[in-house]
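Student: Using the numbering used here, the letters of the sequence shown map in sequence onto residues 4 to 133.
Sending over a structure as structure tokens; questions will come in a sec.
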Amino acid sequence: IRNFRRHWHEMVPHAYEGSVAIMIGLIESGHDVTMLTNFAADTLAEARKRFDFLNRPRGVTVSGDIRQIKPDRAIYDHHVAAFGLEPSATLFIDDSQKNVDGAKAAGWQSVLFTDAKTLRADLERLGIKV
């Protein structure tokens, strides 16, 4: 674990620009974007220094801070309460089917992220313009 913590950034050497453009486009067009992550708080802090776009959303729920983890229902419930969200009006995007299913079970709209092109199509299908 210590070795992973020291070298995690080598596993994430760059941002995926297509995905970043979508997130920034959503924020700039007035959508309320928040993050829900299983990152550790210290790792997220380091990532935010390396990748400024991670500072753009309104806020973040960090699983390690609240001792809950996706896909457990409690973390989704915590996130909507913390940010004043309505589950049925909240769209969850994740690259893990288990996490997408967890969000759906909590009453959220959810899409499985595979790539930026597919995400744009999913958003369009949901009536969300980027």
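For glycine and all other residues, C-beta sits at the position ideal for the given N, C-alpha and C.
Report all residues from its chain with a CB closer than 6 Å to the CB of residue 93; omit the five preceding and five following residues, and keep chain order.
Tutor: So the list reads 111, once near-sequence residues are dropped.
Student: If you run the structure through DSSP and keep just helix, strand and coil, what is residue 95?
Tutor: Strand.
Student: Quick check on the DSSP output: the beta strand (DSSP E) that includes residue 62 runs from which residue to which?
Tutor: Run containing residue 62: 62-65, per the beta strand (DSSP E) assignment.
Student: Can you tell me whether DSSP reads residue 39 as helix, strand or coil?
Tutor: Strand at residue 39.
Student: Should the stretch 75-82 be regarded as contacting the stretch 30-44, the criterion being three or more beta carbon pairs within less than 8 Å?
Tutor: Contact holds: three or more Cβ-Cβ distances are below 8 Å.
Student: How would you label residue 64, buried or exposed, when you count the other beta carbons within 10 angstroms and need 16 or more for buried?
Tutor: When all chains shown are included, residue 64 counts as buried.
Student: Measuring CB to CB, does residue 30 end up less than 8 Å from residue 74?
Tutor: Cβ distance not < 8 Å, so residue 30 and residue 74 don't count as in contact.
Student: Compare the Cα-Cα distances from residue 96 to each of 23, 113, 132, 21 and report the closest residue.
Tutor: Closest option to residue 96, Cα to Cα, is 113.
Student: To the nearest angstrom, report how far apart residue 36 and residue 62 are at their CA atoms.
Tutor: Their Cα atoms are separated by approximately 8 Å.
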